[in-house]
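With the first letter of the sequence shown counted as 1, position 10 gets the number 10 in the UniProt record's numbering; the numbers rise by one all the way through.
Every residue gets a Cβ at the ideal spot worked out from N, C-alpha and C, and that includes glycine.
The next block holds one structure in the form of structure tokens; read it before the comments.
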Amino acid sequence: MINGVEIDDSSELLERVRNGDESAFAVLYYRAAPVARRAAQRIVRDIHVAEDLVQESFYLTLRALRSGHGPTDSFGGYVVSTVRRLAYRYTELQARTVSVDDFATWESSATTTNAHHDDDLVTAAWASLPARWRRVLWLIEVDQYSPAELAPSMSMTPNAVSSLATRARRALRTAYVAQQQAVTGVAQQEATIGAVQRQAA
């Protein structure tokens, strides 16, 4: 028994999840999570990334169930299949990602507008956040999910999800300010060097 729910077969639990029984989803989660983690870690070596992919696979499965889709039996197999798909997609995207050095070289030779410059700061600040923080911010701020909707798939309480989102927002704001300060500092240094060189000439 977990959270007062008797361990019964997956099809019954899945039907209860479709009817809004979150405790039934918790039973399914605890059954499938260890296998899903192993599946993710065989593809993605970073355990933090793997954990984020596992959580996302549960979230996607829960969303499918709530919309009347998803598995009718073999919940674990469905989740493992989902996490493998996410993990392979992640590794493919990583392989196609341009390195920071290459991007910096291209960026230094490009003329950008102030709007593009600000976008770059936001992008850099966003990229500096842990994947878990980026995910919760995206789901809440962009996809408009509530903490209560996300809590079961993240194995957290709604209050814990809210706290995580608050920490992520603060971290993003701090990272953005740090990016601005770094750029301002470089610009000031370049201006000073330019002035010295002009005086020396």
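I'd like the span of the alpha helix (DSSP H) that includes His48, first residue to last. Ile47 to Arg66
If you count every other CB in all the chains shown that lies within 10 Å of the CB of Val27, and 16 or more means buried, which is it? buried
With H, G and I counted as helix, E and B as strand and the rest as coil, what does DSSP make of Leu129? coil
With burial defined as no fewer than 16 other Cβ atoms inside 10 Å of the residue's Cβ, what is the status of Thr61: buried or exposed? buried
Going by alpha carbons, who is nearest to Arg89 out of Ala182, Ser163, Ala40 and Leu150? Ala40
Which residues in the same chain as Ala168 place their Cβ atom closer than 7 Å to its Cβ, once the five residues preceding and following it in sequence are excluded? Leu129, Trp133, Val136 and Leu137
Where Tyr145 falls: helix, strand or coil (DSSP): coil
Grab the span of the alpha helix (DSSP H) containing Val27 for me, first residue to last. Glu22 to Ile43
Status (buried if at least 16 other CB within 10 Å, exposed otherwise) for Tyr30: exposed
By the DSSP assignment, the alpha helix (DSSP H) with Leu139 in it spans what residues? Counting along the chain, Leu139 falls outside any alpha helix (DSSP H), and DSSP gives it neither H nor E.
Starting from Ser11, trace the alpha helix (DSSP H) in both directions and tell me its first and last residue. Ser10 to Arg18
Buried or exposed: where does Glu92 fall if 16 or more other Cβ atoms within 10 Å of its Cβ makes it buried? exposed
In angstroms, rounded to a whole number, what distance separates the CA positions of Asp120 and Arg173? 14 Å
If we count the other Cβ atoms within 10 Å of its Cβ and call it buried at 16 or more, is Glu15 buried or exposed? exposed
Hey, how far is the Cα of residue 214 from the Cα of Gln181? The chain is shown only over 1 to 201; residue 214 falls outside these bounds and no answer can be derived.
Whole-angstrom distance between Leu139 and Ala175, CA atom to CA atom: 20 Å
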